[in-house]
Amino acid sequence: MVTLDLSQLNITEANLKIRECGRKGEDVEIINPDARHNIGVGLVEPITVRVRGSAGYFCGGLTDSAHFEIENNAGWAAGDNIYNGSVIVGGNAGAIAGVGLRGGEVVIRGNMGSRAGQIMKAGTLCCGGKAAFMAGYMMYGGRIIILGDAAEKVGQDMSAGEIFVGGQIESLGSDAEIVDLAPGDLESIQEFLDRYGMSFDGTFTKVASAGKKLRYNKQEPRHRPQPFFVHSKSSDYWNPKVQEDIWIKGEVGRYRIRGYGASKPVPHLNDIAFARDVSSVEANVGAVEGINLRTKVGGRYGAKPLDLSMPVMIAPMSFGALSRSVKIALARASRLSGISENTGEGGMMDQQRDEADQLVFQMLSGRLGWNVKDMQRADAIEIYISQGAKPGLGGQLMAKKVTPELAAIRGIPVGIDLRSPSRHPDVLGADDLVIKMDELREAVGHRIPLGLKMGAGRVKDDIKIAYKDGFDFVELDGLQGSTGAASTEVLENVGIPTISAIQEAVDGLNEINADDDMQLVLMGGIKDGVDAVKMMALGAHCVSVGTAAIIAGGCIACMQCHVGTCPVGIATQDPAHESRYDIDRQAQNMHRFFESMRWQMAAITKALGYDDIHRVSRDDLVALTPEVADITGLPYVPGHRDHARADDDLSSLSRKAG
Amino acid sequence: MCGIAGILYKQAGSHELGHALIDMLDGCQHRGPDSTGFALYGDRQEHLQLRFIVPTDEAGRDKAIDNIRSLLTKHNASIVEELSVGCSYKISVKFEGDLLDFTKDIEEHAKLVSVGHTLDIIKDDGTAHQVDDTYHVSEFKGSHGIGHVRLATESAVRPEAAHPFWATGFEDIAIVHNGQLTNYWKMRRRLQRRGFTFHTDNDSELVAVYLADKLAQGNTLEQALQTAIEDMDGTFSFLVSTPTEIGFAKDHLAAKPMVLLETDDLIAVASEEVSLNRLFPGQAINSTEPAPGTYQTWSL
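From first to last, the protein sequence lines are chains D and F. Quick note on the working numbering: the first sequence kicks off at 6 and runs consecutively. Quick note on the working numbering: the second sequence kicks off at 380 and runs consecutively.
The following block contains the structure:
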């Protein structure tokens, strides 16, 4: 047994030593823990760690196969996301004990705080005392055993799993109900209690999902939505798109769901032109040579940055919204073009990991597919707070797409209409976020960058929080960003346009005199290399493309991504539909599209008189509309429409170059 | 975007209050690195104690202090003692009029942050230890106090936006708050109609004014906290202190953390146990987490 003294070691040093002991198979004793956070995070070896005192937040979190014994209390999120192994707390535990459990056992001998077992998916969370408010909130599976009383709203919005309460239940949560014990339930509980030397001689009440909420009974009629307003002769207000919307709501009686992003005109990069005549690009067919496009993202605190061959990333999109085949094609295209791929929600696939040279692993509120082992093989990790298409909402995946394979990787029941929570269980403010960020960095030994994915809302404040909390980079997503499924109300009406987002971000960082060390990656309606250069001139360090990549890879933009029967095999989990997708061909198409972006970026950079794309600036841009001039502060020069036409010419040139 | 801490010693007398709060706030400084503040309660002073935030450049400071002096003259208040330190100007004054009118007028023309016979609010940019270096908080002996660390999102980190907040118009009352009120504007308009003025857009200032108003109407601190939980919408954990009490209130959703420790000698409350543990290094402490939607007070 190795003794580590936390009054002498900081937590990073201690965790490195704990992992070293893990590799040697030696148990560890922690003295003077004094409720410090993130003890043992990232341990993936089957050793025992004894904490002589109290632990802070995330004790034993993001671990696999390890055993933790905490003599006294634990702070928030004891045993966060463990896969196997156990975390035993001798005293009381704070809020969200056993959050996001994927297996293993968390035992709290005393009382446990609010929202215990939130979004847990498997394993057992057992509490010897009382459970506070909302035990089992949004749980997807597994078992919670509470020997004492349970406070209000037990099992609030649970999708599956079982909660056994030995004491009084103050009230049930919405969509939870009391059910009869099944044969074997009590024997299984008794066996568990015996193993931990816990005694109980009463009866249990069993709580399970009532399954009445979160189901769509009536489907929308199948049709191809009208992407934009079509002005009728008599009226441009009650136009056919508006009428159609009203008819369909009259039929289904609820909000409508579709894929893609806002389909209304908003100020965008088309309203911006280059201040100089860039028509000389025509002579620059070979422009890629001699122009530096290389871009590093995420080295703010000494982690190994993403090293991109050009300032382009592939936007986060989930295996779930998209088929396995498309994720493989995207990963391959990212490798061929020397850029990064992103897992999005829903976990990392082996083939995706193998195909992509640089892979960003995204953590969302539901922690679907999130786990320490994939974190440790990622090239960057990213906390998703929200996305441009639907700020403030969690992901939605309609039942048709929740196949057995997909459910297994996410750890959820097959065939539910899956809602991810709208917020993280353990991030309820910038203050909690700091501790969560530390946990993630501890789990990967501070080796890889930690980014933030954020939909554009109150960007000016949020970007300051991101900077002060210490993110390495921020992916900022405007209103035009797309999604696999969201309500049209949110798609069309929530968020701010991408150009407003970049401007607010730049202004916010300037206001606090931030150094240039947290990179801004902008996304939301970036359709080509011309947009990318404009965005970088506005202050972005890099752009991210999702929809454009998918369209390059075969999407026909029918906006029915949520239905699950994508005719080209992209937004589907149906094997028959997916079989239509030709991975090899589409990966090449996407790769060629990225190469066309490369050429466009290089050619414009050269035409603007630079040899490095990172030297473009606001001085290179003018606004073509007063509205965009107002948003961006760029000079309003309507006469530059001629140059805007030169931009259009570039699109045709890119074909020539490709 | 904050961390909070409070402590009350059960035995009357002078305790190492400053030290204790610095330790606790240093323990949760990760929750708010931009500014740190203290509301400290010591022996009752003969004269009214006022602390102002003034500019740190000499010219600006002289001008602000001249202005404060003329305001005091206008209200027949005379300075007995004065101290200019850091970004603050502290005075004790002889004053015999109506405190509410007096402070209301002064607050319109100067940045008054602390008023009372037992209370001193010290707040500035920087960490707990940095604030201590300037203001010598660690030398403060007293009976109880509360403190706060803050992450700012406004353009410049301004000391007057730091916590604790003094309850406008009512001496010796202070609050610290962690969280966000979502019905801020609605409640602010309600209090403005009752004659209160607001000097920041900070929702924590509203908590202070709300409680002061309730206390002025004759409610006990407990009653004020009880109605606060019903009236305030959003996520919050806050601490309040009066000359003889400290109390907390916690929202219905338990969205902001708070842990509590009671020993034979003291009551300590903080955002995180790591702060409480600073009072007892190397020992396991027997803390509890208050339930959602609850409040509690303790008296000296």
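Think of the CB as a built atom: it goes at the ideal place given N, C-alpha and C, for glycine as much as any other residue. The model shown is predicted, which means the values in this text are computed figures rather than measured ones.
With three or more CB-CB distances shorter than 8 Å, the segment 625-633 of chain D counts as touching the segment 538-551 of chain D. Within chain D, no C-beta atom comes less than 7 Å from the C-beta of Pro434(F); the nearest is roughly 19 Å away. For Lys469(D), the closest Cβ of chain F is nearer than 8 Å. Apart from sequence neighbours up to five positions away, the residues of its chain that approach Ala79(D) with a beta-carbon distance below 6 Å are Ala60, Cys64, Val94 and Ala98, ordered along the chain. Within the DSSP secondary-structure output, Phe544(F) pairs in a beta bridge with Ile554(F).
Residue pairing by DSSP places Tyr641(D) opposite Ala628(D) in a beta bridge. Met380(F) counts as buried, since at least 16 other C-beta atoms from the protein chains shown sit within 10 angstroms of its C-beta.
Between Ile149(D) and chain F, the shortest Cβ-Cβ separation is not below 8 Å. Under DSSP, Ala413(D) forms no beta bridge with any residue. Taking C-alpha positions only, Thr208(D) is separated from Phe169(D) by approximately 9 Å. Against Met380(F), the close residues of chain D are Gly434, Ala435, Asp436 and Ile470, in the order they occur along the chain (beta-carbon pairs closer than 8 Å). For Val550(D), the closest of Ala320(D), Val159(D) and Phe476(D) by C-alpha to C-alpha distance is Ala320(D). For Ala507(F), the closest of Ala628(F), Thr415(F) and Gly574(F) by C-alpha to C-alpha distance is Thr415(F). Contact note: Arg41(D) reaches chain F through Val653, using a C-beta cutoff of 7 Å and chain order. Using a CB distance cut-off of 8 Å, Gly495(F) does not count as an interface residue toward chain D. Judged by DSSP secondary structure, Thr606(F) falls within the alpha helix (DSSP H) whose first and last residues are Leu600 to Asp610.
With respect to the 8 Å criterion, Arg603(D) and Gly530(D) are not classified as neighbours on the basis of their beta carbons. Annotated three-state conformation of Ser284(D) is helix, per DSSP. Glu350(D) is not a Cβ neighbour of Ser391(D), given a cutoff of 8 Å. In this structure Phe577(F) is exposed. Its beta-carbon is surrounded by fewer than 16 other beta-carbon atoms within 10 angstroms.
Between the segment 654-673 of chain F and the segment 389-409 of chain F there are three or more C-beta pairs closer than 8 Å, enough to call the two in contact. Under the Cβ criterion (8 Å, minimum of three pairs), the segment 435-447 of chain D does not count as touching the segment 144-163 of chain D.
For Ser467(F), the nearest beta carbon of chain D is not closer than 8 Å to its own beta carbon.
Below the 7 Å Cβ cutoff, chain D contributes no neighbours of Ser583(F), its closest Cβ being approximately 13 Å away. Counting only residues of its own chain and dropping the five nearest sequence neighbours on each side, Asp522(D) has a CB closer than 7 Å to the CB of Arg305. Remark: C-beta atoms of Gly460(D) and Asp482(D) approach each other more closely than 8 Å. Following the DSSP letters along the chain, one finds Cys381(F) inside the beta strand (DSSP E) bounded by residues Cys381 to Tyr388. Pairing Ala595(F) with Phe544(F) gives a Cβ-Cβ distance that is not under 8 Å. Annotation: Cβ neighbours of Ser12(D) in chain F (cutoff 9 Å, chain order): Pro660 and Gly661. Taking the C-beta atoms as reference points, Gly264(D) is found nearer than 8 Å to Met564(D). Taken through DSSP and simplified to helix, strand or coil, Lys469(F) comes out as strand. In this structure Gln662(F) is exposed. Its beta-carbon is surrounded by fewer than 16 other beta-carbon atoms within 10 angstroms. At a beta-carbon threshold of 8 Å, the residues of chain F lying near Val439(D) are His409 and Arg410, ordered along the chain.
Under the Cβ criterion of 8 Å, Ser666(F) is counted among the residues facing chain D. Closer than 8 Å to the CB of Gly58(D) there is at least one CB belonging to chain F.
Here Arg120(D) is buried. Its C-beta has 16 or more other C-beta atoms within 10 Å.
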